[in-house]
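A.B. asks: According to my numbering, the stretch in the sequence shown is residues 292 to 411, in order. A virtual CB, placed ideally from N, CA and C, is assigned to each residue, including glycine.
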Amino acid sequence: MSFVNGTLAKLPTMSPEELNALDFGVVKVDDTGTVEFYNTYESQLAGVAPEAARGRNFFTQVAPCSNSRLFYGRFKQGIARGDLAAEFVYTFTYKMRPTLVRVIMHKDDGGSNWVLIKKR
Numbered sequence: 292m293s294f295v296n297g298t299l300a301k302l303p304t305m306s307p308e309e310l311n312a313l314d315f316g317v318v319k320v321d322d323t324g325t326v327e328f329y330n331t332y333e334s335q336l337a338g339v340a341p342e343a344a345r346g347r348n349f350f351t352q353v354a355p356c357s358n359s360r361l362f363y364g365r366f367k368q369g370i371a372r373g374d375l376a377a378e379f380v381y382t383f384t385y386k387m388r389p390t391l392v393r394v395i396m397h398k399d400d401g402g403s404n405w406v407l408i409k410k411r
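1. Suppose you measure from the CA of Gly324 to the CA of Arg411; what does that come to, to the nearest Å?
2. What residues are listed by DSSP as bridge partners for Ile408?
3. Starting from Ala376, trace the beta strand (DSSP E) both ways and give me its first and last residue.
4. Could you check how far apart the C-beta atoms of Gly369 and Lys398 are, in whole angstroms? I think they sit under 8 Å.
5. For the beta strand (DSSP E) containing Phe328, name the first residue and the last one.
6. Just to confirm my understanding: we take Ala371, look at its own chain, exclude 5 residues before and 5 after, and list those with CB closer than 8 Å. What are they?
7. For Arg345, would you say it is in contact with chain C, using Cβ-to-Cβ distances shorter than 9 Å as the test?
8. Considering only the alpha carbon of each residue, which of Glu309, Asp321, Phe315 and Leu361 lies closest to Gly401?
9. Name the two residues that bound the continuous alpha helix (DSSP H) containing Pro307.
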C-alpha cells in the first residue's frame, strides 16, 4: 500500500478537514459507486469540485474514464465478493491530459468503500 503510509485504518475516523489535508485523492463511495466524499487533492487533480461530485456515480458521471473493466470491473468484483482490496496503476483521461496514477481500492471494517488516488 505504497502511498497511504498506514492511513487506511484511520480513514473511517478522520474528519473532512483531515481527509482534505492528505497528499492523495480520497473518494468515498457507496456499493453502487455513488460519491459520498471527494477530497481537495482529487478535486484539484480531476478539475471536479467536491460539491459537483457528491451524490453522483464516480465511475459513470464524475470520472467516466474509470468506467472500464480494469477499474470499475475491479470495484464491482470486490463489492460482489465483499472484499474490496486492489492496488493498480491507471491512466486518467477525462477533463485532463492523460495522467498516470496509482489507485488503491479498500473496504474498511465498517463497510465503507474508499478509492485512493495518487498522481505518479
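C.D. replies: A quick look at the data gives this:
1. 24 Å
2. Gly316 and Val394
3. Ala376 to Phe383
4. 7 Å
5. Where Phe328 is concerned, the enclosing beta strand (DSSP E) stretches over Val326 to Tyr329.
6. Residues of the same chain with a CB within less than 8 Å of the CB of Ala371, apart from the 5 flanking positions on each side, do not exist.
7. Protein chains in the displayed structure number just one, and chain C is not present.
8. Looking from the CA of Gly401, the closest CA among Glu309, Asp321, Phe315 and Leu361 belongs to Asp321.
9. Pro307 to Asn311
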